[in-house]
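Enquirer: Sharing a structure below in structure tokens format, with a few things to ask.
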């Protein structure tokens, strides 16, 4: 992830949240910065739009601040786990409201790790478009599990907590999602340049 | 998995690409959410829980506020004063107390006596 947001563990998040509720502005800002970056990245991956990802991340954080005073009484989940769930639901709502996931070229940012040549950049762009098109054709739960597992890089127990399902159900969703993606993208193998190279 | 499907490594290559692709959040966005956090946490939208009224407030309310309260206090003080130092036009309350005590003792003797008579009558059949 190229996000500049600092990565902080669950205990630190909870501690910062308590301080923020007690009136510590610095803790509130630190937490907003860390969680906002994650929420933005997650929303961007699902919506493929910079502006919409910002809207969703902002809305999700506002909801977090609203429940923050009662955080300890509400079961004490990690703030980031709670936020993942809210962001995923907000994104799914937007996608369901008829918004066609912007799989046009504008929605796909340039890969930023290296400076590949023009041809490689075009191929990367085309591969990402194909991947997101395939992901968006999956059922909502499969899509969410696949994004959290293979793109966000979360473990199955954490995904189970976010989606409020068992670890076995996560495994089943990701296995089926992966098979579906392999099949869907297999039809575009040549176009994506996978037949010319040994991966 | 069919031969034409993408294999595991090809799928992983796509996921790697997606992980690297997310742009950094805009600094203006980060500043905005930090401002939101401070503002929202300073003014929580929870209704304040009403404090239960104390005993004195309940008493004051039951007698009709401060006016009733002052009347009650005046009447209490006046009653106490009349009890301790009665005006000369009133009889001495101590006399009533001793008279009342004497009558009560006589009543008790009479009552116990009649119970005793009833008991002997029952025993005799």
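Residue numbers (our numbering), protein chains in the order written: chain A, 20 to 218; chain B, 617 to 741.
Quick reminder that beta carbons are idealized off the backbone N, C-alpha and C, glycines included.
Does residue 686 (chain B) come out as helix, strand or coil in the three-state DSSP assignment?
Expert: Here residue 686 (chain B) sits in helix by DSSP.
Enquirer: Tell me whether the region 100–117 of chain A and the region 190–197 of chain A touch, counting them as touching only if at least three CB pairs, one residue from each stretch, are closer than 8 Å.
Expert: Output reads no: the region 190–197 of chain A does not touch the region 100–117 of chain A.
Enquirer: With distances taken Cα to Cα, identify the nearest neighbour of residue 638 (chain B) among A:40, A:162, A:171 and A:79.
Expert: Taking only the C-alpha atoms, the option nearest residue 638 (chain B) is A:171.
Enquirer: Could you pull out every residue in the same chain whose Cβ sits closer than 7 Å to the Cβ of residue 190 (chain A), ignoring the five residues on either side in sequence?
Expert: Taken in chain order, the residues that qualify are 175.
Enquirer: Which residues mark the beginning and the end of the alpha helix (DSSP H) in which residue 589 (chain B) is found?
Expert: Here chain B covers residues 617 to 741 and nothing more, so residue 589 (chain B) does not appear.
Enquirer: Which residues of the region 637–657 of chain B have a Cβ closer than 8 Å to any Cβ of chain A? Give them in chain order.
Expert: So the list reads 637, 638, 639, 640, 641, 642, 645, 646, 648, 649, 650, 652, 653, 654, 656 and 657, given in the order they occur along the chain.
Enquirer: Any idea if residue 776 (chain B) is buried or exposed, counting beta-carbon neighbours within 10 angstroms, 16 or more meaning buried?
Expert: Outside the modelled stretch of chain B, which goes from 617 to 741, sits residue 776 (chain B), for which no answer is possible.
Enquirer: When DSSP labels each residue in this structure, what does residue 44 (chain A) get in the three-state scheme?
Expert: It is helical.
Enquirer: Considering only their Cβ atoms, is the gap separating residue 55 (chain A) from residue 81 (chain A) smaller than 8 Å?
Expert: The answer is no: Cβ separation not under 8 Å.
Enquirer: Mind pulling the chain B residues with CB within less than 8 Å of residue 64 (chain A)?
Expert: Neighbours of residue 64 (chain A) on chain B, chain order: 634 and 638.
Enquirer: Identify the contact partners of residue 196 (chain A) in chain B, using a Cβ-Cβ distance below 7 Å as the criterion.
Expert: Simply none; closest approach about 10 Å.
Enquirer: Counting only Cβ pairs nearer than 8 Å, list the residues of chain A close to residue 678 (chain B).
Expert: Per Cβ cutoff of 8 Å: no residues; residue 678 (chain B) is ~36 Å from chain A at best.
Enquirer: Could you work out which residues of chain B lie near residue 202 (chain A), taking near to mean beta carbons separated by less than 9 Å?
Expert: Neighbours of residue 202 (chain A) on chain B, chain order: 617, 618, 620, 621 and 622.
Enquirer: Assuming residue 87 (chain A) and residue 59 (chain A) are in contact, meaning their beta carbons sit under 8 Å apart, how far apart are those beta carbons, in whole angstroms?
Expert: No, residue 87 (chain A) and residue 59 (chain A) are not in contact; Cβ-Cβ is about 19 Å, not under 8 Å.
Enquirer: Quick one: which unbroken alpha helix (DSSP H) runs of 4-plus residues sit fully inside the region 141–174 of chain A? Chain order, please.
Expert: Segments of the alpha helix (DSSP H) lying fully in the region 141–174 of chain A: 159–165.
Enquirer: So with CB distances below 9 Å, who are the chain B contacts of residue 56 (chain A)?
Expert: What residue 56 (chain A) touches in chain B: 640, 641 and 646.
Enquirer: Let me see if you follow: with CB-CB separation under 8 Å, is residue 44 (chain A) close to chain B or not?
Expert: Interface residue, yes.
Enquirer: What are the boundary residues of the alpha helix (DSSP H) that residue 197 (chain A) is part of?
Expert: From DSSP, the alpha helix (DSSP H) with residue 197 (chain A) extends over 186–205.
Enquirer: Compare the C-beta of residue 170 (chain A) with all C-beta atoms of chain B and state if any pair is closer than 8 Å.
Expert: Yes - at least one Cβ of chain B is within 8 Å of the one on residue 170 (chain A).
Enquirer: Would you say residue 100 (chain A) and residue 181 (chain A) are within 8 Å of each other, going by their C-beta atoms?
Expert: Yes. Within cutoff.
Enquirer: Can you give me the C-alpha to C-alpha distance between residue 620 (chain B) and residue 201 (chain A), rounded to a whole angstrom?
Expert: Going by the C-alpha atoms only, they are around 9 Å apart.
Enquirer: Answer with buried or exposed for residue 84 (chain A), where buried requires no fewer than 16 other C-beta atoms within 10 angstroms of its C-beta.
Expert: It counts as buried.
Enquirer: Do you know offhand how far residue 38 (chain A)'s Cα is from residue 673 (chain B)'s?
Expert: Rounded to the nearest angstrom, the two C-alpha atoms are 36 Å apart.
Enquirer: Hey, could you find the ends of the alpha helix (DSSP H) residue 76 (chain A) is sitting in?
Expert: Residues 69–86.
Enquirer: Apply the 10 Å Cβ neighbour rule to residue 45 (chain A) and answer buried if 16 or more other Cβ atoms are within range, or exposed otherwise.
Expert: The residue is exposed, with fewer than 16 neighbouring Cβ atoms inside 10 Å.
Enquirer: From what residue to what residue does the alpha helix (DSSP H) around residue 106 (chain A) run?
Expert: Taken as a continuous stretch (DSSP letters only), the alpha helix (DSSP H) holding residue 106 (chain A) covers 98–115.
Enquirer: Can you have a look at residue 36 (chain A) and say buried or exposed, based on whether 16 or more other CB atoms are within 10 angstroms of its CB?
Expert: Classification for residue 36 (chain A): buried.
Enquirer: Helix, strand or coil: how does DSSP classify residue 679 (chain B) here?
Expert: Residue 679 (chain B) falls in the coil class under three-state DSSP.
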